[in-house]
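Note sheet for the following structure.
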Amino acid sequence: MDSTEDSASAKKVAYPGPDPNVKYPLNVVYCGECGLTTDLCEYSPNPDACKDWLNKNHPDIFTQLNDLQVNAAGEEADGDKKSAHQKRGGKGNPKSKKEKQPSKILITKEKRKGNKYVTIIIGLESNGIDLEVAKKFFAQRFSCGCSKGDKDDLTIQGDIIDNLVNVIPDKFPQITPEMIEIKEK
158 MDSTEDSASA KKVAYPGPDP NVKYPLNVVY CGECGLTTDL CEYSPNPDAC KDWLNKNHPD
218 IFTQLNDLQV NAAGEEADGD KKSAHQKRGG KGNPKSKKEK QPSKILITKE KRKGNKYVTI
278 IIGLESNGID LEVAKKFFAQ RFSCGCSKGD KDDLTIQGDI IDNLVNVIPD KFPQITPEMI
338 EIKEK
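No gaps in the numbering here: position 126 of the sequence shown is 283 in our numbering, and each next residue is one more.
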């Protein structure tokens with residue numbers, strides 16, 4: 158088979174070139190909320206905030222997109238909304254942060270070997286207290302060892318439950334004495 162036969166049988170496709178109705182270079186508008194192009198804002202984690210931003214900053218584009226969405230919604234037979242949630246793979250959509258509700262502070266005393274005790278405080282971090290700051294404060298205040306546990310707890314060497322009931326509300330004003338619960342093991 159000759160190479161001339163291949164080239165003769167291949168069809169030439171005429172590339173239409175740039176669209177005469179479009180002004181080049183293109184100016185693409187990116188959303189200030191999600192960072193996507195404005196036509197993809199409906200797939201962002203918070204499309205309502207994107208619509209508000211677009212309406213405020215680019216009302217002409219907002220009306221164009223709104224008209225397109227109304228036309229597309231009218232063409233849908235059942236009117237079913239497609240979910241904008243990511244199904245699989247990729248980076249994933251960022252989740253909105255939920256505000257933590259203040260919870261009770263649980264103070265327990267555990268016996269170690271011999272006549273030694275440790276006091277465990279659970280629930281400081283869920284009330285907005287930095288455990289590193291609290292750990293340093295308790296270690297200095299009670300002249301003892303204090304360590305941060307694997308979750309939301311501090312372990313203090315010694316039996317200091319009685320002192321903690323007064324010290325915690327004084328040092329951390331967001332905690333009231335009613336929020337403190339004492340449990341002895």
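Even glycine gets a Cβ: it sits at the ideal position worked out from N, Cα and C.
Three-state class that DSSP yields for residue i in the structure shown
i, result
"D310", "strand"
"T220", "helix"
"K270", "coil"
"C303", "strand"
"V322", "helix"
"V290", "helix"
"V227", "helix"
"G236", "Unreliable positioning characterises G236 in this predicted model, as indicated by a pLDDT of 45, which lies under 50. A coordinate reading is not provided."
"E172", "Reading off the sequence, residue 172 comes out as Tyr, not Glu. Here Y172 sits in coil by DSSP."
"Y187", "strand"
"T333", "coil"
Residue environment, residue i, which counts as buried when at least 16 other CB atoms sit within 10 Å
i, result
"S201", "buried"
"T333", "exposed"
"L281", "buried"
"K292", "buried"
"L183", "exposed"
"L211", "buried"
"T220", "exposed"
Cα-Cα separation, residue i to residue j
i, j, result
"T194", "N320", "58 Å"
"T312", "Y274", "10 Å"
"D287", "D310", "11 Å"
"K340", "I278", "10 Å"
"V170", "Y181", "24 Å"
"Q314", "Q297", "12 Å"
"C188", "V179", "22 Å"
"S260", "D209", "35 Å"
"C191", "D176", "30 Å"
"V290", "G271", "30 Å"
"I318", "T276", "7 Å"
"N228", "P326", "60 Å"
"P216", "L222", "10 Å"
"D316", "N203", "50 Å"
Bridge partner(s) assigned by DSSP for residue i
i, result
"K340", "T265"
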